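Here the structure is laid out as structure tokens; the discussion comes afterwards.
There are 2 protein chains.
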Amino acid sequence: MDEPLFDLPRAGLRFDADDEVLARAAWSRLAEPGDAVAGALVDSLGPADALRWLVDAAGAPERAEAVLRRIAGGRELGLGTVDGSPGLAEAPGRLPEVSTGAATGEGPAAGRAARGGAVGLLVAAVRRWAPRLERLDPEGELAVLGRHGGTFLAPGDPRWPSSFDVLGAAAPLCLWVRGDPDLARLARRSVSLVGSRACTDYGVRVARSLARGLAERGFTLVSGGAAGIDAEVHRGALVSGAPTVAFLAGGVDRLYPASSTDLLRRAAEEGGAVVSEAPPGSVPGKQRFLKRNRLIAALSSGTVVVEAALRSGALSTANHAVRLLRPLGAVPGPVTSMASAGCHELLRRGAAVCVTDAAEAAELVGDMGEAAPVRRGESRPGDDLDAASAAVLDALPVRKPAHERSIARVAGLAFADTTGALGLLELLGLAEQRDGGWRRR
Amino acid sequence: MDEPLFDLPRAGLRFDADDEVLARAAWSRLAEPGDAVAGALVDSLGPADALRWLVDAAGAPERAEAVLRRIAGGRELGLGTVDGSPGLAEAPGRLPEVSTGAATGEGPAAGRAARGGAVGLLVAAVRRWAPRLERLDPEGELAVLGRHGGTFLAPGDPRWPSSFDVLGAAAPLCLWVRGDPDLARLARRSVSLVGSRACTDYGVRVARSLARGLAERGFTLVSGGAAGIDAEVHRGALVSGAPTVAFLAGGVDRLYPASSTDLLRRAAEEGGAVVSEAPPGSVPGKQRFLKRNRLIAALSSGTVVVEAALRSGALSTANHAVRLLRPLGAVPGPVTSMASAGCHELLRRGAAVCVTDAAEAAELVGDMGEAAPVRRGESRPGDDLDAASAAVLDALPVRKPAHERSIARVAGLAFADTTGALGLLELLGLAEQRDGGWRRR
Chain D
1 MDEPLFDLPR AGLRFDADDE VLARAAWSRL AEPGDAVAGA LVDSLGPADA LRWLVDAAGA
61 PERAEAVLRR IAGGRELGLG TVDGSPGLAE APGRLPEVST GAATGEGPAA GRAARGGAVG
121 LLVAAVRRWA PRLERLDPEG ELAVLGRHGG TFLAPGDPRW PSSFDVLGAA APLCLWVRGD
181 PDLARLARRS VSLVGSRACT DYGVRVARSL ARGLAERGFT LVSGGAAGID AEVHRGALVS
241 GAPTVAFLAG GVDRLYPASS TDLLRRAAEE GGAVVSEAPP GSVPGKQRFL KRNRLIAALS
301 SGTVVVEAAL RSGALSTANH AVRLLRPLGA VPGPVTSMAS AGCHELLRRG AAVCVTDAAE
361 AAELVGDMGE AAPVRRGESR PGDDLDAASA AVLDALPVRK PAHERSIARV AGLAFADTTG
421 ALGLLELLGL AEQRDGGWRR R
Chain G
1 MDEPLFDLPR AGLRFDADDE VLARAAWSRL AEPGDAVAGA LVDSLGPADA LRWLVDAAGA
61 PERAEAVLRR IAGGRELGLG TVDGSPGLAE APGRLPEVST GAATGEGPAA GRAARGGAVG
121 LLVAAVRRWA PRLERLDPEG ELAVLGRHGG TFLAPGDPRW PSSFDVLGAA APLCLWVRGD
181 PDLARLARRS VSLVGSRACT DYGVRVARSL ARGLAERGFT LVSGGAAGID AEVHRGALVS
241 GAPTVAFLAG GVDRLYPASS TDLLRRAAEE GGAVVSEAPP GSVPGKQRFL KRNRLIAALS
301 SGTVVVEAAL RSGALSTANH AVRLLRPLGA VPGPVTSMAS AGCHELLRRG AAVCVTDAAE
361 AAELVGDMGE AAPVRRGESR PGDDLDAASA AVLDALPVRK PAHERSIARV AGLAFADTTG
421 ALGLLELLGL AEQRDGGWRR R
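Chains as they are written, first to last, in UniProt numbering: chain D, 1 to 441; chain G, 1 to 441.
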């Protein structure tokens, strides 16, 4: 018989686990972001039943399966698509494999206990969730959120963004929001602009220009609140009076990093939002930053990487965009700048479309028909001439007029075609008759 | 009855039109570069018979068809694939349409007389070729070439580059070469690097770096001999002791432009070649520059556009590379630089692969398996950890050691998995035990 994973009978849960909001808030503490086993379980049983089962299962792991069968009854647990295979941790330097673009569930590597299918996944999950049961305090965390004027958002709420549906079981269990909680509305016309913290002056200039241009086009600007490019994106939106949404890796009670605190406060106060799937008090660890990036990629209609080195976390966001089959753009930069090497690698692999200004970004992520003007360069006299007229224009002397016969020979054209072309060029103001011959005008 | 197009009986040809070399040289004066009707005719009849027919046809256009039938006998004239439709002149600002990548004959717009199929094409061609019959002087032009130590190269010569076959009837009728006439050998491992005359310091730096890197990898560097990027490419090759080939739009007797004269002379003297399909004395007009670009695209294994504005002639070379289905690369630059806007447009359309250094250019155009090293950025401790170890590393305190139970809770992992991960991290030198707990190392 297994040892109980924690002594719940003695400790007890310090809150009403029948309350669906409290139970859901508790789950966002129990499970790490993107834990698809938690997502599938909470989806299937509802947060309160799922929590009750976890308490039972943690106290007597050997009964976990039987208890689950009893609670679930005939309900489908939706774990069939959850990938429980142990894998590599997410890493910022891992670029998307374009060939495997399938939007499979973004399941976490569920440890070494993937044996035994869904039951194996659940037993392994109980083992990793149980240590956090002891200190659960969703009431306290909701109170902290309330003190910041925040909103607890759950799936099913009309303000919950349907763009998260693409994440499947790895969608967030809930969202802790400061600012405007209507993420559904904010997401409707939105674009994610991301980039390196260690950015260059060039990257800053491009980020500002893209952010303002997209803000003027009515887009909500989504980013990660980090220093560098992210900060310029949020700032550019605020300057233009557009809403901006920042996804944090840690709790929204702490507007991290310190350099962005004022900016993030303004984002929440001026029509946008600061959002986390982790409850207040959560520390922003590296893996949480990487998991957070899937929310940036999923919320908006598309993502543009403004400036990113090869190890930039922004490439993780790009990776998520590719896996979710969302449009991805990358802004090129000097090939001599390592700060753009990540963007160039995305372009080389064909994972991202080359984006050079706000109009092109809007074409990528905006509505049908929202095409950027075709870049043609300045038009010049003589553009769009037919071949004969172009050849005659080429053959026309600049100063001393030449006879039509000589022009025909130089142009390599029939005499009659030359005469016709000269007439057309005269009409267009490109040729003139002088002293019985022709010259350029 | 038509009026004779010129009075040949009185003027006569001033050279032995039975001499195949002289006749071919004459044809390169009669027809503009890329004239596919001339190409098909000379291919089918041979240059001398084709010239004799032209003389007859020019004297009595109404007999042209009958005479052609008599000369050709049952021979196929190969005009079936020649596009005689009147069209737009080539323009540098016209970017490739990627969807229509078929390598159709690069036929010229043959004027307004495309009616009547092959015969109509030929009658129109006679009218444009005839005016040049009077002043033909292939002996004089060959003598000028000889004074420059040059070589007259015709198809069938083992030194003729087979890479031109892709041009079909629009292949050059002959080549006027200064320097090493073995273009077949020079083309074997070759890359075309092209760009704007109005280049930036950035473009110059990139051109030099690419040219040297590719020269060191054993490539012949092909370009257009122009000022700006082209000149840097030729110079980069010469500095590295690699052969370089310059295609001129005008005759090779005049090493145009003046700023490139010394460079082009060195190219011809130091193992490379300066090449034109137009005879000595030919003036480099705009349409000839554009037609010349097809030779740059066709000779080498692939083309890389180093820096090009939207109106750059380099985009015409890119256009030819796309139509010939040859690999095309483009080097990105700052989006704030209009001098790179043409490259970015090629990348946006998916016409070109993003190329950032010589290794990537070599991967694009070189042999199978000549892959550029994968760009990954510096590796760091903790890369390639499994998910559990990464989470534990994330959860490890930097200073004050924490107990395994607390680490499991922070990491969101089962106790057993945490213990296992700590052991692995200790082995990797990333974690250490201290005071009964664990911390980062």
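Every residue, glycine too, gets a C-beta built ideally from N, C-alpha and C. Note that the coordinates shown come from a computational prediction; the quantities given were computed from them, not determined experimentally.
Could you tell me whether any Cβ in chain D is nearer than 8 Å to the Cβ of THR151/G?
By 1-based counting over the second sequence, the position of residue 151/G is 151. Chain D contact via Cβ: absent.
Please list, in chain order, all residues of the same chain as THR104/D whose beta carbon is under 6 Å from its beta carbon, the five residues on each side excluded.
Taking the first sequence and counting its residues from 1, one reaches residue 104/D at position 104. Annotation note: pLDDT 35 at THR104/D (below 50); position unreliable, no value reported.
Pull up the distance between the alpha-carbon of SER99/G and that of GLY195/G, whole angstroms please.
Here the question's residue 99/G lines up with position 99 in the second sequence. Here the question's residue 195/G lines up with position 195 in the second sequence. Note that SER99/G has pLDDT 41, beneath the 50 cutoff, so the model's placement of it is unreliable and the number below is only indicative. Near 24 Å, if we compare the C-alpha coordinates of GLY195/G and SER99/G.
For ASP386/D, does the three-state DSSP call read helix, strand or coil?
Counting from 1 along the first sequence, the entry for residue 386/D is found at position 386. Note: ASP386/D maps to strand in three-state DSSP.
Hey, quick one: how far does the beta strand (DSSP E) through TRP176/D stretch, first residue to last?
Locating residue 176/D in the first sequence gives position 176, counting from the first residue. From DSSP, the beta strand (DSSP E) with TRP176/D extends over 175 to 179.
Flag GLY285/D as yes if its beta-carbon sits less than 8 Å from any beta-carbon of chain G, otherwise no.
Residue mapping note: residue 285/D aligns to position 285 of the first sequence, counting from 1. True, the Cβ-Cβ gap to chain G drops below 8 Å.
For the stretch 245 to 269 of chain D, list every residue whose C-beta sits within 9 Å of some C-beta in chain G, in sequence order.
Listed by position along the chain: nothing, the set is empty.
Let's test the definition: count the other Cβ atoms within 10 Å of the Cβ of ALA237/G and tell me whether it reaches 16, buried, or not, exposed.
For the purposes of this step, residue 237/G is taken as residue 237 along the second sequence, with counting starting at 1. By the neighbour-count rule (16 or more Cβ atoms within 10 Å), ALA237/G is buried.
For chain D, check one thing: does any of its Cβ atoms lie closer than 8 Å to the Cβ of ARG205/G?
Translated into positions along the second sequence, residue 205/G becomes position 205. ARG205/G counts as touching chain D.
How close, in whole Å, do the beta carbons of ALA361/D and VAL191/D come, if the pair is a contact with beta carbons under 8 Å?
Along the first sequence, one-based indexing puts residue 361/D at 361. Along the first sequence, one-based indexing puts residue 191/D at 191. The pair is a contact, with the Cβ atoms about 6 Å apart (cut-off 8 Å).
Who does VAL194/D pair with in a DSSP beta bridge?
Within the first sequence, numbered from 1, the residue matching residue 194/D stands at position 194. DSSP output for VAL194/D lists VAL305/D as bridge partner(s).
Starting from ARG294/G and walking both ways along the alpha helix (DSSP H), at which residues does that stretch end?
For the purposes of this step, residue 294/G is taken as residue 294 along the second sequence, with counting starting at 1. Counting along the chain, the alpha helix (DSSP H) containing ARG294/G begins and ends at 286 to 299.
Whose C-alpha, out of PRO131/G, LEU183/G and PRO155/G, is nearest the C-alpha of PRO172/G?
The residue you call residue 172/G lines up with position 172 of the second sequence. Closest option to PRO172/G, Cα to Cα, is PRO155/G.
Less than 7 Å between C-beta atoms, sequence neighbours within five positions excluded: which residues of the same chain meet that for GLY429/D?
Position 429 of the first sequence, counting from 1, holds the residue named residue 429/D. Closer than 7 Å at Cβ, skipping near neighbours: ARG441.
Which of the three DSSP states, helix, strand or coil, is assigned to THR200/G?
As a first step, residue 200/G must be located in the second sequence, where it is residue number 200. Reduced to three states, the DSSP call for THR200/G is coil.
Can you list the residues of chain G that HIS344/D reaches, using a CB-CB cut of under 7 Å?
Indexing the first sequence from 1 puts residue 344/D at position 344. Simply PRO332, CYS354 and THR356.
In angstroms, rounded to a whole number, what distance separates the CA positions of ALA102/G and ARG24/G?
One-based indexing of the second sequence puts residue 102/G at position 102. One-based indexing of the second sequence puts residue 24/G at position 24. Note that ALA102/G scores a pLDDT of 34, beneath 50, so its modelled location is shaky and nothing firm can be said.
For the 8 Å Cβ check, are there 3 or more pairs between the stretch 20 to 35 of chain D and the stretch 138 to 151 of chain D?
As far as the Cβ criterion goes, the stretch 20 to 35 of chain D touches the stretch 138 to 151 of chain D, which means the pair count is three or higher.
Please return the same chain residues whose Cβ sits closer than 6 Å to the Cβ of VAL144/D, not counting the five positions on each side in sequence.
On the first sequence, residue 144/D is found 144 positions in, with the first residue counted as 1. Excluding sequence neighbours, VAL144/D sits near ASP253 and PRO280.
Of the choices ASP56/D, LEU51/D, GLY149/D and HIS148/D, whose alpha-carbon is the least far from that of ASP16/D?
Taking the first sequence and counting its residues from 1, the one referred to as residue 16/D is at position 16. Among ASP56/D, LEU51/D, GLY149/D and HIS148/D, the Cα nearest to that of ASP16/D belongs to LEU51/D.
Are the beta-carbon atoms of ALA198/D and GLU232/D separated by less than 8 Å?
For the purposes of this step, residue 198/D is identified with residue 198 of the first sequence, where counting begins at 1. For the purposes of this step, residue 232/D is identified with residue 232 of the first sequence, where counting begins at 1. The answer is no: Cβ separation not under 8 Å.
Would you list, in sequence order, the uninterrupted beta strand (DSSP E) runs of no fewer than 3 residues that lie entirely inside the stretch 133 to 192 of chain D?
Qualifying beta strand (DSSP E) stretches, in chain order: 151 to 153 and 175 to 179.
Among the residues of its own chain, which have a CB less than 8 Å from the CB of ARG288/G, if the five just before and after it don't count?
One-based indexing of the second sequence puts residue 288/G at position 288. Excluding positions up to five away in sequence, the list reads GLU32, PRO33, ALA249, GLY250, ALA278 and SER282.
Taking ARG409/G as the query, report the chain D residues whose CB atoms sit under 9 Å from its CB, ordered along the chain.
Mapped onto the second sequence, residue 409/G falls at position 409. The answer, in chain order, is PRO131, ARG132, GLU134 and ARG135.
Closer than 8 Å by beta-carbon distance: list the chain D residues that pair up with THR336/G, in chain order.
As a working mapping, residue 336/G is identified with position 336 in the second sequence. Neighbours of THR336/G on chain D, chain order: TYR202, ARG205 and VAL206.
Going by Cα to Cα distance, which pick from PRO332/D, VAL410/D and LEU396/D is closest to GLY437/D?
By 1-based counting over the first sequence, the position of residue 437/D is 437. With distances taken between Cα atoms, GLY437/D lies closest to LEU396/D.
Please state the DSSP three-state secondary structure of THR356/D.
Position 356 of the first sequence, counted from the first residue, corresponds to residue 356/D. DSSP places THR356/D in coil when its eight states are reduced to three.
Is the number of C-beta pairs between the stretch 311 to 320 of chain D and the stretch 312 to 324 of chain G that are closer than 8 Å three or more?
As far as the Cβ criterion goes, the stretch 311 to 320 of chain D does not touch the stretch 312 to 324 of chain G, which means the pair count is below three.
For ASP56/D, go through chain G and note every residue whose CB falls closer than 7 Å to its CB, in chain order.
For the purposes of this step, residue 56/D is identified with residue 56 of the first sequence, where counting begins at 1. Per Cβ cutoff of 7 Å: no residues; ASP56/D is ~17 Å from chain G at best.
Can you confirm whether the stretch 381 to 391 of chain D touches the stretch 365 to 383 of chain G when touching is taken to mean that 3 or more C-beta pairs between the two stretches lie within less than 8 Å?
The stretch 365 to 383 of chain G vs the stretch 381 to 391 of chain D: no contact.
Rounded to a whole number of angstroms, what is the C-alpha to C-alpha distance between ASP384/G and PHE247/D?
The residue labelled residue 384/G in the question sits at position 384 within the second sequence. The residue labelled residue 247/D in the question sits at position 247 within the first sequence. Taking the straight line from one Cα to the other gives about 26 Å.
Tell me whether THR104/D sits in a helix, a strand or coil according to DSSP, three-state version.
In the first sequence, counting from the first residue as 1, residue 104/D sits at position 104. Reliability fails at THR104/D, whose pLDDT of 35 lies under 50, so the model's placement of it is uncertain and no value is given.
Please tell me whether PHE152/G and VAL37/G are closer than 8 Å, where the distance is taken between their beta carbons.
Within the second sequence, residue 152/G is the residue found at index 152, counting from 1. Within the second sequence, residue 37/G is the residue found at index 37, counting from 1. Not in contact: PHE152/G and VAL37/G (Cβ atoms no closer than 8 Å).
If you draw a straight line from the alpha carbon of LEU68/D to that of ILE407/G, how long is it in whole angstroms?
As a working note, residue 68/D is residue 68 in the first sequence. As a working note, residue 407/G is residue 407 in the second sequence. Straight-line Cα distance between these residues: approximately 28 Å.
So what's VAL410/G in DSSP terms, helix, strand or just coil?
Numbered from 1 along the second sequence, position 410 holds the residue referred to as residue 410/G. Note: VAL410/G maps to helix in three-state DSSP.
Would you decide whether HIS234/G is buried or exposed? Buried here means 16 or more other CB atoms lie within 10 Å of its CB.
Taking the first residue of the second sequence as 1, we reach residue 234/G at position 234. Per the 10 Å Cβ criterion, buried.
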